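Each remark here refers to the structure printed beneath this line.
Residue numbers (my numbering): 4 to 254.
Now the structure itself:
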């Protein structure tokens with residue numbers, strides 16, 4: 004399928020950036036129970052939840068700023084790519100800062116202690132929150148507005164725009180393509196955006212999915228989430244663990 008093809012084509016610049024240890028002194032804290040080095044899980048989350056936050060620090064003021072934009076993983080280069088409006092000053096901050104942090108958030112959900120079987124046994128239970136997070140630190144650079152679409156180590160502006168569109172249109176009955184618009188109209192709009200890439204230097208995964216609970220408790224948590232309509236969060240309860248985690252982390 005398309006996901007397996009993406010994984011097979013993935014450039015080593017992304018997979019090399021997967022953190023082998025949780026970065027307690029860095030941008031996120033996670034216990035070893037919830038840390039993952041699973042490249043496949045990171046790629047899957049980015050594909051399913053592409054709307055990310057790009058954080059950069061303004062070099063002049065020292066203030067942090069953020070832009071919220073859809074991003075896509077370019078399989079040929081291993082870069083995270085996207086675009087912003089040319090009127091958005093954040094791309095200039097990112098370019099000046101050079102190093103940025105992109106945050107992808109997957110499913111998340113409140114966990115009620117009333118779902119735990121232990122509540123009836125001894126009552127020593129408290130609320131918590133389950134979540135899936137991928138942090139991508141990397142180097143920000145602009146991408147030239149070229150019509151080149153070949154799969155090269157440096158993505159072109161047209162390739163990025165095609166990927167952003169195709170990734171979302173794939174499930175439509177009649178997928179729309181950038182080439183469907185009149186060329187003159189597309190050219191005008193493309194000049195109004197700035198296309199960029201983030202070359203990953205460190206990728207960190209924090210997946211808190213009740214991995215530290217018993218199978219009985221995990222089932223109760225999943226049932227509680229489904230009753231609230233939180234199907235994605237319910238399906239993620241437990242997460243990869245044991246031999247499965249070790250095997251998948253080699254991908």
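Yeah, the Cβ is synthetic: ideal placement off N, Cα and C, and Gly gets one too. Source: prediction; values computed, not measured.
Check, Outcome
"Residue 83 beta carbon less than 8 Å from that of residue 205", "no"
"Environment of residue 230 [buried if 16+ CB atoms lie within 10 Å]", "exposed"
"Cβ pair residue 74, residue 137 closer than 8 Å", "no"
"Burial state of residue 257 (16 or more Cβ within 10 Å)", "One cannot answer for residue 257 here, as it falls past the ends of the chain, which runs 4 to 254."
"Residue 191 beta carbon less than 8 Å from that of residue 146", "no"
"For residue 111 and residue 68, the rounded distance between their alpha carbons", "24 Å"
"Reference residue 163; option with closest CA among 18, 19 and 80", "80"
"Extent of the continuous alpha helix (DSSP H) run through residue 234", "234-239"
"Reference residue 219; option with closest CA among 189, 171 and 121", "121"
"Given residue 223 as reference, the closest of 242, 141, 115 and 173 once Cα atoms are compared", "115"
"Closest residue to residue 130 among 202, 63 and 118 (Cα-Cα distance)", "118"
"Residue 66 to residue 22 span [Cα, whole Å]", "27 Å"
"Contact check, residue 141 vs residue 196, beta carbons under 8 Å", "no"
"Straight-line gap, residue 133 to residue 56 (C-alpha atoms, nearest Å)", "19 Å"
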